[in-house]
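Participant:
Protein chains in written order, with this note's numbering: chain C, -11 to 371; chain E, -11 to 371; chain G, -11 to 371; chain S, -11 to 371.
1. Comparing alpha-carbon positions, which option in S:111, S:174 and S:105 lies nearest residue 138 of chain S?
2. How close, in whole Å, do the beta carbons of residue 216 of chain G and residue 165 of chain G come, if the pair is a contact with beta carbons under 8 Å?
3. Whose C-alpha, out of C:28, C:23 and C:2, is nearest the C-alpha of residue 252 of chain C?
4. Alpha carbon to alpha carbon, what distance is there between residue -4 of chain E and residue 232 of chain G?
5. Between the alpha carbons of residue 104 of chain S and residue 256 of chain S, how many angstroms are there, rounded?
6. Taking the straight line between their C-alpha atoms, what separation do you get for residue 212 of chain E and residue 191 of chain E?
7. Would residue 25 of chain E be called buried (16 or more neighbouring beta carbons within 10 Å of its own) or exposed?
8. Residue 124 of chain C: which of C:151, C:309 and C:142 sits nearest, CA to CA?
9. What did DSSP end up calling residue 366 of chain S once you bin it into helix, strand or coil?
10. Quick one: is residue 111 of chain C buried, meaning 16 or more other Cβ sit within 10 Å of its Cβ, or exposed?
11. What did DSSP end up calling residue 95 of chain S once you bin it into helix, strand or coil?
12. Enumerate in chain order the residues of its own chain whose CB-to-CB distance from residue 177 of chain C is below 6 Å, with the five nearest sequence positions on each side excluded.
13. Does residue 12 of chain S get closer than 8 Å to chain G when you measure Cβ to Cβ?
14. List, in order along the chain, the chain G residues whose C-beta lies closer than 7 Å to that of residue 338 of chain E?
15. DSSP on residue 342 of chain E, reduced to helix/strand/coil?
16. Whose C-alpha, out of C:19, C:194, C:171 and C:304, is nearest the C-alpha of residue 210 of chain C?
17. Starting from the C-beta of residue 130 of chain S, find all residues in its chain whose C-beta is less than 7 Å away, skip the five residues before and the five after it, and write them out in chain order.
18. Looking at the secondary structure, which residues open and close the alpha helix (DSSP H) in which residue 231 of chain C lies?
19. With 8 Å as the threshold, decide whether the Cβ of residue 94 of chain C is near any Cβ in chain E.
20. With distances taken from CA atoms, which of C:77, C:10, C:78 and C:101 is nearest residue 88 of chain C?
21. Over what stretch of residues does the beta strand (DSSP E) that includes residue -7 of chain C continue unbroken?
22. Quick one: what's got a C-beta closer than 7 Å to residue 22 of chain E's C-beta in the same chain, skipping five residues either side?
23. Which residue marks the beginning of the beta strand (DSSP E) containing residue 36 of chain C, and which one marks its end?
24. So that I know if they touch, is there some Cβ in chain C lying closer than 8 Å to that of residue 136 of chain E?
25. Between the region 294 to 302 of chain E and the region 35 to 47 of chain E, can you find at least three pairs of beta-carbon atoms closer than 8 Å?
26. Which chain S residues sit within Cβ distance under 7 Å of residue 196 of chain G?
27. Could you spell out where the alpha helix (DSSP H) holding residue 293 of chain S opens and where it closes?
28. Tell me, which residues are paired with residue 10 of chain S by DSSP?
29. Taking CB distances under 8 Å as the criterion, tell me whether residue 353 of chain C reaches chain E.
30. Which residues, taken in chain order from the region 105 to 134 of chain S, show a beta carbon closer than 8 Å to some beta carbon of chain G?
31. For residue 102 of chain C, would you say it is in contact with chain S, using Cβ-to-Cβ distances shorter than 8 Å as the test?
32. Check whether chain C comes within 8 Å of residue 334 of chain S, counting only Cβ atoms and requiring the distance to be less than that.
33. Give me whichever residues DSSP pairs with residue 29 of chain S in a beta bridge.
34. Contact criterion: CB-CB distance below 8 Å. Does residue 349 of chain C meet it with respect to chain E?
35. Can you tell me whether residue 284 of chain S is buried or exposed, with buried defined as 16 or more other CB within 10 angstroms of its CB?
36. Rounded to a whole number of angstroms, what is the C-alpha to C-alpha distance between residue 240 of chain E and residue 135 of chain E?
Right, here's the structure in full:
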């Protein structure tokens, strides 16, 4: 059934596809984009737009998370980032941004900024500080989602839920339902999730089997992909996103049948930059997307255009680039608001602004008015 | 029959090909290029060369449209562009060109020029002004073709025909035979086209089914492709042109059979730059091409080398780049005449000049002397 | 049998391969490169190395042609180039080189140099002058090969043979066995070749059928490919060389059987830059190669590093780039001798020098000691 | 069984894959990277990490070889390099480095540095000097591996073993089990290896048949690939590494069966830069890797960032580039220690540092704890 090739005598590999390899093909009546509904749900929570932010301090200032909520999306706070480690959060982020911008862009290898991130993250997590900050966001009325790593989930989850987290995100660049370590007790995600009172979104995964196991843990949502990690270079691990999303969507159908109707939401996190990419991810089977660099230029983002994923701060083996788009460095250029990036109006023609408007128009031009049915739109592979 | 691949478990995509992916393979006697006939017809109108201009104010000055006619082609006026919105048309276009050229080419993101286009297009259409300008071109004796969008076709078509339009072009980046909007009456193209006294060319489309529906509306010609739009990035929608043209040509054959002989002309509009691209488009099944950037360097073009498609001026979600080829910015370089670009002689070796001569030679080297039979020439796919 | 894909409904294209797409795979014992024999024959003429030079004034000074002979190769003179048109040949070539080098390499579009070539070639051919120059080369004892176009073959061939040409090269970028022009008499190559006393090498061709027809005209050699023409951009015509050479080699086998043993030599002319490319061309079935840019840096070449194919001078539709490798422009760098380029020793690691040594080593590492048997070496396609 | 395509009529080529074409797909439980065992053996020698250094003077200073041993790897000394030819080894290497760095990086063609390498290697091998230097390394307690070419193996092997070599590496860019030269006696590797008292690692090979023959000579290890040679450009010979490694691994399985259990180790040497590449090579079937440019930035490396393979010094046909990564030229930047490159901690996110940590994590994320079983991990081909 799958498409396998023999790369060498007796050794097979599966042919896989990235979002860049595919495109959407309209073949029905067209509709008006104002008739399109982009509503999306996790558990009892309803979101007007299918957009989460990647859990990184480069995005999540309190202001950013609150504005994400106001726009209908979901901003995610990283419990293991700087919120709980640095009393002066703004100053800490500003130091990273300054280091990035001070380096000549031609010689930049990212090492100085990563070294600084490693240093800033070597401070221990002050749970009171973290709880206080989570509480402030909760107090604003915004929906609060907090990310923990699988390694520290047992330790930190009770505290962040207590502090106000309404959705727990258990996320590593690549995780499994059961992590085994000699001399430690494996984290049994099923038991753990069962013990929590809040819905859990878990990932990233990139294949059918791991996704199926993750769904069976009771997760409300599964994240597909490794975000903007450099796993490809550092680990040799990469599953192109079109294939990864479609595989996990197939696991979801199987699980839906197995459970007689439990629908697990799929959130794509990887290869996502423009509104066209978002439309493709949903066309492959995702219900929502988790965005990183796309949201980084927003005036409300903590990093002021500078972006890094959480894994860039790993103490021994960082796997994420610290980057600043050139336009964010240009003096005198006003950064766009998060609203402009999400809802427009856009002056950029490449789908970097009004990204939800772009998704609406992609759906409308193909004759679809809701996200779920758009998952069946026709696809083409280039060549 | 079609070539489908499984991109993920249970999710298929069709393998498609761009003009860049293919090439023409000669395999017969060669002929003299002077024996080649490039004549092309729409309804009662005969054209010496199978070339239309893309409906944009970057090309269509009155002078440009008249010269296109003199060269045997067809220049298309955009009824929703600046001709009817700006009393001083030359000054308005000059402002755009100036904005583009003022920006340092390395930092250029196109946003300033697009913002200006949005502003200039926010002025309402002055129907008297538009009619007067259309009338001037008609008075020159040139064939007059005017483009309207599907959204405003009912409103504007009667007026532009009254003003002198002999061919109506109903064009959006991607359209269907029936556009549905809640609370509005869908545009029934068949009824609408049936009510007009002039031949209609409609598009763009990119697939067999939509093209078939469009042919059944009574259109004399169907445009394949989305021009130079950035739909790929902004919407994720893209059908590589070699596949799109061949699919629509197949619909044309089917429709010809269905109607017992009604031949709908296919105009390719996308991935077209050099004379080699034009030859490939016809080899895939097109009868003519609609050119944009290729014609932009012409001295007669309004934009003096600067080009943008109509959709670049969209108020909320622009999907076209404003661009100027480097050589048009070089001081002291004489711009080529439209005649030189179309009919030569060329000094450029890459098929940017004497593009009709290039088409003639491509046909002659493959042993064909008319456009229709050249649609059967042998093709190769690279790799 | 062939590998065809459906690019659109009902439209097929053949999958083809360039030399860059393939590589040679050793799988036998290795040999010493000093045991390799690269001898090659056309008719009664024997050459120590399977290398012809492309017929362009950028290469063929008398000194260059004589040195090619001394090195065991064959330098080709272009009868329709500047040798017969410009009394002061050195000055004419120097003007072209100067024009090329005067232009800033970043802005260079080649148009000024092409316009100059067009002007220099607009002078009529002075047959006495041409004959005198051909005679001088013949007097040196070097084997004399002269190229004429199919269009002017009848007119010029008798004169160049009279002047001393021992091998006639009838070459256009793409030719057929029978060129048809209304109101003119088609050139019947078979009759024409039969009337000549010297062996004829003809081309370029790129497919099985045309090659078979060309072999049946009695040509001693067939050229595969269009040299360094820009046909791909200007005409949309391109047959990737690995496929083209293999197809013509198959026609050669068929023709060998048809004639009971007449062996037509195949000369590859296209996609050839390094010694690795040459080895691949022979591995695909070529007996020899025709080189252009590879030989241009030679101190003996007329253009001093500057290169253009004959078709770059076409009066209405030039299809060749005038180019100068950056290193030829660097002051104070000694140009390599033709001997160094052909026979080494090399200091360049990319197969731009000692190209025959490279071919020898490629053959030796695969266990072959003659060109003919090396045509059976194992090949790989990348991906 | 194999995947063959017809590149032209009657001419086939096998489809092959590079490491860049593939990626690793996790699909099992995850494990802790601290539970991963990367131990590797050759004969009686055990190594903590599966990393050998490429035999070049750009890496192998005595200090470098000793540190490789300390880190658990194996540094290889080139018996035909400068150790035995230049009394002042440091000065000789410094001259090369200086020549490379003196050249403007934009104009650099490598020829000056190669010419210098050719000059330095034209000095004869002083066996006493070489023996003394090998002896010094042996005296440090480090495992001593010395490389000889197949051409000079008979002459030099006894001397280097006498001097202290514990492992002999017989390596050319492409070798076979039997090298034939007219007028010379072919080197019968089987006989030769049988006569030695030390284990032999031989290569490079790139196909099943040659590898099988090499295994039958009694080699303890077989090197797959041609390192960082420019064989692709210079010879047209290239077997993409994923296919080459998998083919040789298949030959190993066959040979294991044939011999009833003799396990030959496979060392990959080519297309290797980051830790991700190393993980992929082992996933394809390699037991260890031979690294060149990856180790060059180490403070202990002789070339101080500058790298060249042994074949770059070939007197008539060099096939290796002399290169310096930009960051090694930047003043004031501290070079990383070999320990940092091999074992971290890393600040670089692209797998250029802590490469063994990267391999451990790749294995752990796929649920494997030893190198041998990781050879069965799931693979994907991109597209």
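By construction, the Cβ of each residue, glycine as well, lies at the ideal position given by its N, Cα and C atoms.
Facilitator: Taking the coordinates as given:
1. The residue labelled residue 138 of chain S in the question sits at position 150 within the fourth chain. Considering only alpha carbons, the answer is S:174.
2. Numbered from its first residue, the third chain carries residue 216 of chain G at position 228. Numbered from its first residue, the third chain carries residue 165 of chain G at position 177. The Cβ separation is near 24 Å, so there is no contact.
3. By one-based count along the first chain, residue 252 of chain C stands at place 264. For the set C:28, C:23 and C:2, the Cα lying nearest the Cα of residue 252 of chain C is the one of C:28.
4. Residue 232 of chain G sits at position 244 when you count from the first residue of the third chain. Residue -4 of chain E sits at position 8 when you count from the first residue of the second chain. C-alpha separation (whole angstroms): 36 Å.
5. Walking along the fourth chain from the start, residue 104 of chain S turns up at place 116. Walking along the fourth chain from the start, residue 256 of chain S turns up at place 268. Looking at the two C-alpha atoms, the distance is approximately 29 Å.
6. In the second chain, counting from the first residue as 1, residue 212 of chain E sits at position 224. In the second chain, counting from the first residue as 1, residue 191 of chain E sits at position 203. Spanning the two alpha carbons is a distance of roughly 6 Å.
7. Counted from its first residue, the second chain places residue 25 of chain E at position 37. Exposed: under 16 other Cβ atoms inside 10 Å.
8. Position 136 of the first chain holds residue 124 of chain C. Of the candidates C:151, C:309 and C:142, the one whose C-alpha sits nearest the C-alpha of residue 124 of chain C is C:151.
9. Looking up residue 366 of chain S in the fourth chain gives position 378. Correct three-state label for residue 366 of chain S: strand.
10. Taking the first residue of the first chain as position 1, residue 111 of chain C is located at position 123. Looking at its Cβ environment, which holds fewer than 16 other Cβ atoms inside 10 Å, residue 111 of chain C is exposed.
11. For this step, residue 95 of chain S is matched to residue 107 along the fourth chain. Reliability fails at residue 95 of chain S, whose pLDDT of 47 lies under 50, so the model's placement of it is uncertain and the value that follows must be treated cautiously. Shown here, residue 95 of chain S sits in coil according to DSSP, grouped into three states, outside any helix or strand.
12. By 1-based counting over the first chain, the position of residue 177 of chain C is 189. Within the same chain, 165 and 205 come within 6 Å of residue 177 of chain C by CB-CB distance, once the 5 residues on both sides are set aside.
13. Indexing the fourth chain from 1 puts residue 12 of chain S at position 24. Closer than 8 Å: no.
14. Mapped onto the second chain, residue 338 of chain E falls at position 350. From the beta-carbon of residue 338 of chain E, the residues of chain G found nearer than 7 Å are 218, 221 and 222.
15. Along the second chain, read from residue 1 onward, the residue named residue 342 of chain E stands at position 354. Looking at residue 342 of chain E - three-state DSSP - the assignment turns out to be coil, as it is neither helix nor strand.
16. One-based indexing of the first chain puts residue 210 of chain C at position 222. From the listed residues C:19, C:194, C:171 and C:304, the smallest Cα separation to residue 210 of chain C is found for C:194.
17. For the purposes of this step, residue 130 of chain S is taken as residue 142 along the fourth chain, with counting starting at 1. Result list for residue 130 of chain S: 53, 54 and 57, in chain order.
18. Taking the first residue of the first chain as position 1, residue 231 of chain C is located at position 243. Per DSSP, the unbroken alpha helix (DSSP H) holding residue 231 of chain C starts and ends at 229 to 247.
19. Residue numbering aside, residue 94 of chain C sits at position 106 when the first chain is read from its first letter. Residue placement at residue 94 of chain C is poorly supported in this model, since its pLDDT is 45, which falls under 50; the coordinates are not used for a value here.
20. For the purposes of this step, residue 88 of chain C is taken as the residue at position 100 of the first chain. For the residues C:77, C:10, C:78 and C:101, the minimum Cα distance to residue 88 of chain C belongs to C:101.
21. Counting from 1 along the first chain, the entry for residue -7 of chain C is found at position 5. Where residue -7 of chain C is concerned, the enclosing beta strand (DSSP E) starts and stops at -8 to -4.
22. Along the second chain, one-based indexing puts residue 22 of chain E at 34. No residues qualify anywhere along the chain.
23. Here residue 36 of chain C refers to the residue found at position 48 when the first chain is read from its first residue. In the DSSP annotation of this structure, residue 36 of chain C is not part of any beta strand (DSSP E), being labelled neither H nor E.
24. Along the second chain, read from residue 1 onward, the residue named residue 136 of chain E stands at position 148. Residue 136 of chain E does not count as touching chain C.
25. Yes, the region 35 to 47 of chain E touches the region 294 to 302 of chain E.
26. On the third chain, position 208 is the one that residue 196 of chain G refers to. Scanning chain S for C-beta atoms nearer than 7 Å to the C-beta of residue 196 of chain G yields -3, reported in chain order.
27. By one-based count along the fourth chain, residue 293 of chain S stands at place 305. No residue range can be given for residue 293 of chain S, since it is assigned to no alpha helix (DSSP H) and is classified by DSSP as neither H nor E.
28. Position 22 of the fourth chain holds residue 10 of chain S. The beta-bridge partner set that DSSP reports for residue 10 of chain S consists of S:369.
29. Your numbering for residue 353 of chain C matches position 365 in the first chain. Output row for residue 353 of chain C: interface = yes.
30. Against chain G - using a Cβ distance shorter than 8 Å - the residues of the region 105 to 134 of chain S are 106.
31. As a working note, residue 102 of chain C is residue 114 in the first chain. Chain S contact via Cβ: present.
32. As a first step, residue 334 of chain S is located in the fourth chain; it is residue number 346 there, counting from the start. Answer yes: the Cβ-Cβ gap between residue 334 of chain S and chain C drops below 8 Å somewhere.
33. Position 41 of the fourth chain, counted from the first residue, corresponds to residue 29 of chain S. In the DSSP output, where bridge partners are listed per residue, residue 29 of chain S has S:34.
34. One-based indexing of the first chain puts residue 349 of chain C at position 361. Residue 349 of chain C counts as touching chain E.
35. Here residue 284 of chain S refers to the residue found at position 296 of the fourth chain. With 16 or more Cβ atoms within 10 Å of its Cβ, residue 284 of chain S is classed as buried.
36. One-based indexing of the second chain puts residue 240 of chain E at position 252. One-based indexing of the second chain puts residue 135 of chain E at position 147. One C-alpha to the other measures close to 23 Å.
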